Amino acid sequence: MANIPLHLSLGSVTVDSAAAPDRGFPGCGAVMEPRDSYDALLSRLGKEHVPFTVLWELTHICNLNCIMCYNVPLKQPELSTAECYDILEQLAEAGTLRLILTGGEILSRHDFFDIAGRARELGFALDLKTNATMITPAIADRLAELAPVQVEASLLGATPETSDAVSGARHSLERVLRGVKLLLERGVRVKLNTLLLDLNVHERAQMLDLAQSLGVYYEQVLKVSPADDGSDVAGLHQLSLMQMADALVADQTPFTPRQPAPAARTCGVGLSSCLISPYGVVYPCIELRIPAGSLRRQPFREIWTTAPILQRLRANHTWANLPECWTCPINTYCEGRCAGIAWKEHGDLYGGHLTACQQAQARYAQVNPGQPIPQTPLQAKMGVAPAFGIVSIEESASRFNL
Ligand code: SF4
Ligand code: SF4
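For the working numbering, count along the sequence shown from 1 and bump the result up by 688.
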């Protein structure tokens, strides 16, 4: 098995078994400094507004009940098989190449293999996100036949008790590991993801060991998202600032603060990727649930080229247009600022959000151990009292000569 190096990227801990960079949802990582020809391609497609990557929630039905789930199923029919086929044709025609199929649980759709098979016939590169608990040998055979770029699943804990507490289902760890092993035996590339929560952070190192023993790509992330309707149950389980800082320090990956440029983007939202919901609604991305249009009423190409929200994001979403973040004393440490979470948290597309502030402060603590941590403008505005070694925005201004 390859030696698995540990490194941190964009507020997450990443373990991978090869030099290949992680290929997450590209919208989140605005490609400022292309690492390779794929990044250079993404950067060009972003400038030309080609919808290269589409993340498609095929269903909101799921057999688990995870504590951090952000899906809010609506009381309306999900897209039919025929509607999905039609959308696939439209995406192929619009220039989409990378299709990330997710849920809910994709395998709970009776026609999943029909849709995924049609997607492969049309030449899409498939990423599949599943909780892996429904994978039997027969299903693993069919998944392998699709030849996906990778299958992603969640590792919710290193022990059965923790995994079950996070997933809300019994025997979840055993079922996930069985599914993962069935895929690996068939040569499918698997990536495991863990959202670190107060419920599982004590098993952080054990989960890394488990991923290493499996030989899979592995990432631990800190970003907790409010649900699609803005409710924030998962936020109750977010790591404290000190827990985040401890996780970053334990990871030991160096972090270099970076000065944002006024014209740089915090992410690539709206440039070359979007999200389709199970009901056919197009959104700018997985977090930003401002509808761009419905595929039940408009063709994809028309939504992609004319939707006001997409046009606005393309034109305006630069650091200089983010008043709180641009003047933030620790914006050089901020990796996780997300327009979608800002919008869900405060209704402000151009604002910061408290989870990103906390993450940036954890980074600050990692790089400047023992130093007082500056409060952010957003925290000051929201009345979040300085605590745990955080000094007020006024005091930070004089202390740090800001
Ligand atoms: S708004 Fe958030 S989820 Fe959407 S692309 Fe940007 S960082 Fe990613
Ligand atoms: S205000 Fe918060 S979200 Fe904005 S740059 Fe500062 S730390 Fe990041």
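Yeah, the Cβ is synthetic: ideal placement off N, Cα and C, and Gly gets one too. Remember, predicted model here, so these are calculated numbers, not experimental data.
{"Item": "For a test of the three-state rule: what should DSSP assign to Cys962, helix, strand or coil?", "Value": "strand"}
{"Item": "Would you decide whether Met930 is buried or exposed? Buried here means 16 or more other CB atoms lie within 10 Å of its CB.", "Value": "exposed"}
{"Item": "Below 6 Å CB to CB, which residues in the same chain sit around Leu883 once its five sequence neighbours on both sides are set aside?", "Value": "Met756, Val909"}
{"Item": "Would you mind sorting Glu745 into buried or exposed? The rule is 16 or more other CB atoms within 10 Å of its CB.", "Value": "buried"}
{"Item": "Determine the burial state of Thr1015: buried for a count of at least 16 other Cβ atoms within 10 Å of its Cβ, exposed for fewer.", "Value": "exposed"}
{"Item": "How about Leu1010: is its Cβ closer than 8 Å to a heavy atom in ligand 2?", "Value": "yes"}
{"Item": "Who are the near neighbours of Gly1071 in its chain, counting only those whose CB is closer than 8 Å to its CB and skipping five residues on each side?", "Value": "none"}
{"Item": "Report yes if the CB atom of Ala857 is closer than 9 Å to the CB atom of Thr821, and no otherwise.", "Value": "yes"}
{"Item": "Return helix, strand or coil for Thr944, following the three-state DSSP convention.", "Value": "coil"}
{"Item": "How many whole angstroms separate the CB atoms of Pro972 and Ala980, which I take to be in contact at a CB cut-off of 8 Å?", "Value": "6 Å"}
{"Item": "Can you list, in chain order, the residues of its chain with a C-beta nearer than 8 Å to that of Asp829? Leave out the 5 residues immediately preceding and following it.", "Value": "Arg874"}
{"Item": "Can you give me the C-alpha to C-alpha distance between Ala832 and Ala813, rounded to a whole angstrom?", "Value": "13 Å"}
{"Item": "Would you identify the three-state DSSP class for Gln1054, choosing helix, strand or coil?", "Value": "helix"}
{"Item": "Using 8 Å as the threshold, is the stretch 890-909 in touch with the stretch 837-855, meaning 3 or more CB pairs across them?", "Value": "yes"}
{"Item": "What number of angstroms, rounded off, separates the C-alpha of Tyr967 from the C-alpha of Leu776?", "Value": "14 Å"}
{"Item": "Using three-state DSSP, classify Glu840 as helix, strand or coil.", "Value": "strand"}
{"Item": "Would you be able to state if there are at least three C-beta pairs under 8 Å between the stretch 912-920 and the stretch 863-874?", "Value": "no"}
{"Item": "Just curious, the alpha helix (DSSP H) that Val854 is in, first and last residue?", "Value": "848-855"}
{"Item": "For the stretch 888-930, list the alpha helix (DSSP H) runs that are entirely contained and at least 4 residues long, ordered along the chain.", "Value": "892-902"}
{"Item": "Grab me the residues of Tyr1052's own chain with a C-beta within less than 8 Å of its C-beta, minus the 5 sequence neighbours each way, in chain order.", "Value": "Ile1018, Tyr1021, Gln1059, Ile1061, Pro1062"}
{"Item": "Is Tyr906 near Leu843, with beta carbons less than 9 Å apart?", "Value": "yes"}
{"Item": "Cβ of Thr824 within 9 Å of Cβ of Leu880?", "Value": "no"}
{"Item": "Roughly how many whole angstroms lie between the Cα atoms of Arg732 and Ser855?", "Value": "39 Å"}
{"Item": "List in chain order: all unbroken beta strand (DSSP E) runs of 3+ residues lying wholly within the stretch 805-842.", "Value": "813-817, 838-842"}
{"Item": "Taking contact to mean 3 or more Cβ pairs, one atom from each stretch, closer than 8 Å, check whether the stretch 994-1008 and the stretch 942-955 are in contact.", "Value": "yes"}
{"Item": "Rounded to whole angstroms, what is the Cα-Cα separation between Phe943 and Val889?", "Value": "21 Å"}
{"Item": "Would you say the beta carbon of Arg1025 comes nearer than 8 Å to a heavy atom of ligand 2?", "Value": "yes"}
{"Item": "Whose CA, out of Thr1043, Ser901, Ile978, lies closest to the CA of Leu1001?", "Value": "Ile978"}
{"Item": "Check this for me: beta carbons of Asp1036 and Ala1030, under 9 Å apart or not?", "Value": "yes"}
{"Item": "Spatial neighbours of Asp920 within its chain, please: C-beta separation below 7 Å, excluding the five flanking residues on both sides.", "Value": "Pro914"}
{"Item": "Less than 9 Å separating the beta-carbons of Pro761 and Ser961?", "Value": "no"}
{"Item": "Using a Cβ-Cβ cut-off of 6 Å (strictly less than) and excluding sequence neighbours within five positions of Ile788, which residues of its own chain qualify?", "Value": "Leu743, Asp815"}
{"Item": "Would the C-beta of Gln1049 count as close to ligand 2, meaning under 8 Å from any of its heavy atoms?", "Value": "yes"}
{"Item": "Excluding five sequence neighbours on each side, which residues of the same chain lie with their C-beta closer than 8 Å to the C-beta of Arg989?", "Value": "Gln778, Glu781, Ala782"}
{"Item": "Hey, how far is the Cα of Leu767 from the Cα of Gly903?", "Value": "36 Å"}
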